[in-house]
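K.L.:
In this note's numbering, the protein residues as written are 5 to 357.
1. How about residue 31 and residue 90: do their beta carbons lie closer than 9 Å?
2. Per the DSSP calculation, residue 14 is bridged to which residue(s)?
3. Grab me the residues of residue 295's own chain with a C-beta within less than 8 Å of its C-beta, minus the 5 sequence neighbours each way, in chain order.
4. Excluding the five sequence neighbours on either side, which residues of its own chain have a C-beta within less than 7 Å of the C-beta of residue 108, listed in chain order?
5. Is residue 74 closer than 9 Å to residue 244 when the C-beta atoms are compared?
6. In three-state terms, what does DSSP make of residue 316?
7. Figure out for me which residue from 328, 322, 258 has the closest Cα to the Cα of residue 38.
8. Starting from the Cα of residue 64, find the closest Cα among 78, 152, 53 and give me that residue.
9. If you check the beta carbons only, do residue 329 and residue 320 fall under 9 Å apart?
10. Per the DSSP calculation, residue 75 is bridged to which residue(s)?
11. Hey, residue 16 and residue 229: beta-carbon distance below 9 Å or not?
12. If we call anything under 9 Å between Cβ atoms a contact, is residue 51 one with residue 192?
13. Going by beta-carbon coordinates alone, are residue 100 and residue 315 separated by less than 9 Å?
14. Within the continuous alpha helix (DSSP H) that includes residue 287, where are the two ends?
15. Which residue from 221, 293, 238, 299 puts its Cα closest to that of residue 311?
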């Protein structure tokens, strides 16, 4: 089938939802103990610094997304910034090719993270974990193989699970933990030398990684209604909302599991599932298992948003005549770039193994 135009069906709420579930994946649950181990009681400062840097970056993305609300995001930004017929054409072309490798690797890493947390529920050897990660890629591909408005509805459902998980963690720590302890550590452990240290920089790299995804809406620019307003709004709502949730999440977990204990885990080379341990201490094994299932839901939601956004990049380039024309094909009845989606999904499946 010949290429066609994507339809603008996603409103502010749905685009914000897809942004937020892209940001909150398995990342914060893995990086949280790493950040604690790196800088001790100052770990919350690293999350604040990550939020500020992400907000500054979001200002740039929102301006570009509002100016060029097209499928593929960065593909068009590079071409417009550096000249359609000059360096911009080359850079946008190279961006598409690196996306064909980067996107499947990002998706595969999310699937592997899912499998590694799944081990808390069902002990698996390496082969079993690979089967789980590969199956997750297939499941997400099936969920994405539909119209964009249906995808928006699935995104809202996944987002509800993400928010419920975060609120459960936050409320549990605030009600049953000692939230004064992590706040006390922020003040008593503060040190300007640590703030300017390599360790703090490493911690910020981890927190920024957990915030990434706010620009996902730019990849879907051609499918956003009133993009000049909704793209910037979606980005700022996402960053501010996730910042509040992440800070509350850190305080909550720190109120039950002190950073000194987490530091000891890392010194001993232990791979602890910090949120599962958190719930096990508060409510017991059954609650810990349920919490782990909900974290897997969060990881699945993030992978859903990641593959959705990246699948629009090869399509955009092909529709522009700068990539293989087959990638410009839309599904004959559902109107989404199915060749692009299936290509990225296939590579992600291979990489996840």
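Backbone N, C-alpha and C fix where the C-beta goes; we use that ideal spot for every residue, glycine too.
P.N.:
Taking the coordinates as given:
1. no
2. 228
3. 169, 172, 173, 279, 280, 282, 283
4. 348, 351, 352, 355
5. no
6. helix
7. 258
8. 78
9. no
10. 224
11. yes
12. no
13. no
14. 278-287
15. 221
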